[in-house]
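In this note's numbering, the protein residues as written are 131 to 447.
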């Protein structure tokens, strides 16, 4: 298998586990590497057999920020800086990623979602907003469904609720991921990003095996969507790696897009769906439009005035 094929394969895997184009961009552009703010606090929190690395940035209302696969907290680049200007951002390196060891526990988004509750409690947070991208979106979904009392608002970026959301040609490529690829990946940005900070760089093949084993398991979380009782925003690129009908169905499962909202918004869902133009899956984490879209929602702002409100305002002048 050629290196080119390996890179292409991991690019298609990215919706659940990676954003290699983003990682590559950060490595090729030093400004992206230095654009992240200095954390005010870092450390490790041992939860359910995994010793999670965390970093806290900025001040304000707490926001749990979860990265994509084969990435780490810093993969959000300038967007991390922007979020930390008005929020206290709690970034966590997920199991086997960044500065967090893989360990021997099964690699599972369900388990990691539950773990986030333990990490936050150890850090003294009872309730937070959450933004998760790609794999981090899956972890955020699981955290919010298992511990809804701890989530105020939830933003899922480029995140499917079931395996059939992917374009079908991607599934065989996901199934082929494993340790056999490790040697051919040593010149790729994914590998270089991993070994730069991993506590055990030699475990890269083991991580690929763990990720491949997870991706070969079919999943469907549609029955759990109803557990998302907090306001939820779904954000996708218009050229993301999911079928558009899957994105719309996710929104409908959340109660949105089922009827006209009404001229006074009387039938409008509390949840939101955003499709950002001219963006692929791999560009979402660094795209300025991500923060432009997500932050007003997380702050409970950004609602346009209704027709009735606009007319009433004119009449009072």
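Glycine included, C-beta positions come from ideal geometry on N, C-alpha and C.
If you draw a straight line from the Cα of residue 287 to the Cα of residue 303, it is about 22 Å long.
The beta carbon of residue 350 is closer than 6 Å to those of 292 in its chain, skipping five residues each way along the sequence. In terms of CA proximity to residue 183, 197 leads the group 353, 197, 189. In terms of Cβ geometry, residue 411 and residue 295 do not form a close pair [threshold 8 Å]. In its chain, beyond the 5 residues on either side, 190 have a beta carbon closer than 6 Å to the beta carbon of residue 216. When only Cα atoms are considered, residue 221 and residue 195 end up about 5 Å apart.
In the DSSP assignment, the residues bridged to residue 406 are 367. Residue 402 is not a Cβ neighbour of residue 436, given a cutoff of 8 Å. Taking 8 Å as the cut-off, the Cβ atoms of residue 357 and residue 289 do not count as close. Relative to residue 178, the option among 168, 373, 213, 243 whose CA is nearest is 243.
Residue environment for residue 207: buried (at least 16 other C-beta atoms within 10 angstroms of its C-beta).
Looking at the DSSP output, residue 192 sits in a beta bridge with 218. Spanning the alpha carbons of residue 417 and residue 367 requires a straight line of approximately 10 Å.
Residue state for residue 423 is assigned as helix, using DSSP reduced to three classes. For residue 237, the secondary structure class from DSSP, reduced to helix, strand or coil, is coil. A straight-line Cα-Cα distance of about 14 Å links residue 285 and residue 209. For residue 336, the enclosing alpha helix (DSSP H) starts and ends at 334-345. In this structure, residue 365 keeps its C-beta atom at 8 Å or more from the C-beta atom of residue 301. A check of alpha carbon separations from residue 297 across 348, 371, 312 identifies 371 as the nearest. Annotation: residue 413 to residue 176 spans about 32 Å, alpha carbon to alpha carbon. Per DSSP, reduced to three states, the secondary structure at residue 330 is coil, with no helix or strand assignment. Shown here, residue 285 sits in a strand according to DSSP, grouped into three states.
In this structure, the CA atom of residue 248 is about 10 Å from the CA atom of residue 277.
Taking the C-beta atoms as reference points, residue 415 is found no nearer than 8 Å to residue 280. In this structure residue 283 touches residue 428 by the C-beta definition: roughly 5 Å separates them, less than 8 Å.
In the three-state DSSP reduction, residue 176 falls in the strand class (E or B). In the DSSP secondary-structure assignment, residue 261 is bridged to 195, 285.
Minimum Cα-Cα distance from residue 224 among the listed residues 337, 381, 397 corresponds to 337.
Annotated three-state conformation of residue 436 is coil, per DSSP.
Sorting 211, 174, 203, 251 by C-alpha distance to the C-alpha of residue 188 places 211 at the top. DSSP places residue 396 outside any alpha helix (DSSP H), giving it a letter other than H or E. Taking residue 171 as the centre and dropping the five residues before and after it, the same chain places the C-beta of 186 closer than 6 Å to its C-beta, in chain order.
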